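What follows is a set of notes on a single structure, which appears directly below.
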Amino acid sequence: MKLYQSPMAPNPDRVVFFLRAKGKLDAVEMEEVSIMKGEHKLDAYRQLSPYSQVPVLVLDDGTAITESRAICTYLEGIFPEPNLMGSDPKEKALIEMWDRRIELMFFIQFAGWFRNAHPAMAPLEVPQSPEAAAKSEKAARSMAKRLDAHLSTHEFVAADRFSIADITLYVGCGFCRVMKWEPQKEHAHLGRWYDAMTARGFAKA
Ligand SMILES: N[C@@H](CCC(=O)N[C@@H](CS)C(=O)NCC(=O)O)C(=O)O
1 MKLYQSPMAP
11 NPDRVVFFLR
21 AKGKLDAVEM
31 EEVSIMKGEH
41 KLDAYRQLSP
51 YSQVPVLVLD
61 DGTAITESRA
71 ICTYLEGIFP
81 EPNLMGSDPK
91 EKALIEMWDR
101 RIELMFFIQF
111 AGWFRNAHPA
121 MAPLEVPQSP
131 EAAAKSEKAA
141 RSMAKRLDAH
151 LSTHEFVAAD
161 RFSIADITLY
171 VGCGFCRVMK
181 WEPQKEHAHL
191 GRWYDAMTAR
201 GFAKA
């Protein structure tokens, strides 16, 4: 099984951190794809990822799985411990609820800001739009505030325990540095939670 990933890119990091949290990083062969060199647009890579996105997990039978969360669902199935996606219907639903909220209302909003505003993204986001950047920035900042309020009464993002939802938020917060924004420094509860996540070590190379 091989994971095509790009260091520093947030979606691949979600999968790499998930594997590390499972203690299974060594079970998967890694291949680096340089987005900045356009390697994800080459024909051979498109055979695996038709929309030219990273990450992709290629199974030993050749099946290619894209979408970070779908890859994590597969990994959760084959490496069930420690459980990171819920162990009963209620937990599964709550963890998915928070993971999707974070992905849709924070992670993707931040990406919209970054892609439309950062000069390094100009070749990938054509044309960049200052209006789209401003709208996405506002949405990401507003969700950070909501997440801070949630974490003022919760130790973890979902289901009172460590889960994939914590990993998604952690990757998202860390990635915000590319726009010189650290929501975990701006919001005390987010900051407390972020430090606790750092101490768990799943983000350590
Ligand atoms: N929904 C996809 C998003 C994947 C994605 O957007 N990956 C970025 C890297 S973080 C990418 O491949 N960008 C290349 C491009 O936009 O050309 C997932 O969850 O895996």
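Residue 83 in UniProt numbering sits at position 83 of the sequence shown; the count goes up by one each step and never skips.
C-beta atoms are modelled at their ideal positions from N, C-alpha and C, and glycine is treated no differently.
Please read all numbers here as calculations on a predicted model, not as lab measurements.
- Take Ala139, set aside five residues on each side of it, and the residues of its chain with a beta-carbon closer than 6 Å to its own are Gln109, in chain order.
- According to the DSSP assignment, Met30 belongs to the beta strand (DSSP E) that extends over Glu29 to Glu32.
- If you look at Ala64, you'll find it in the beta strand (DSSP E) that goes Ala64 to Thr66.
- Residue state for Gln5 is assigned as strand, using DSSP reduced to three classes.
- Ligand 1 has no heavy atom closer than 7 Å to the beta-carbon of Ser129.
- The C-beta of Glu137 has 16 or more other C-beta atoms within 10 Å across all chains shown, which makes the residue buried.
- Distance from the CA atom of Val58 to the CA atom of Glu76, rounded to whole angstroms, is 15 Å.
- Burial check for Ala122: the Cβ neighbour count within 10 Å stays below 16, so the residue is exposed.
- DSSP, reduced to helix, strand and coil, places Leu57 within a strand of the structure shown.
- For the pair Ser52 and His40, the Cα-to-Cα distance works out to about 5 Å.
- By the Cβ test, the segment 63–70 is not in contact with the segment 124–138, since fewer than three Cβ pairs between them sit closer than 8 Å.
- Inter-segment contact for the segment 189–205 and the segment 143–162 is present: three or more beta-carbon pairs are separated by less than 8 Å.
- Bridge partners of Arg161 according to DSSP: Ala158.
- For Asn11, the secondary structure class from DSSP, reduced to helix, strand or coil, is helix.
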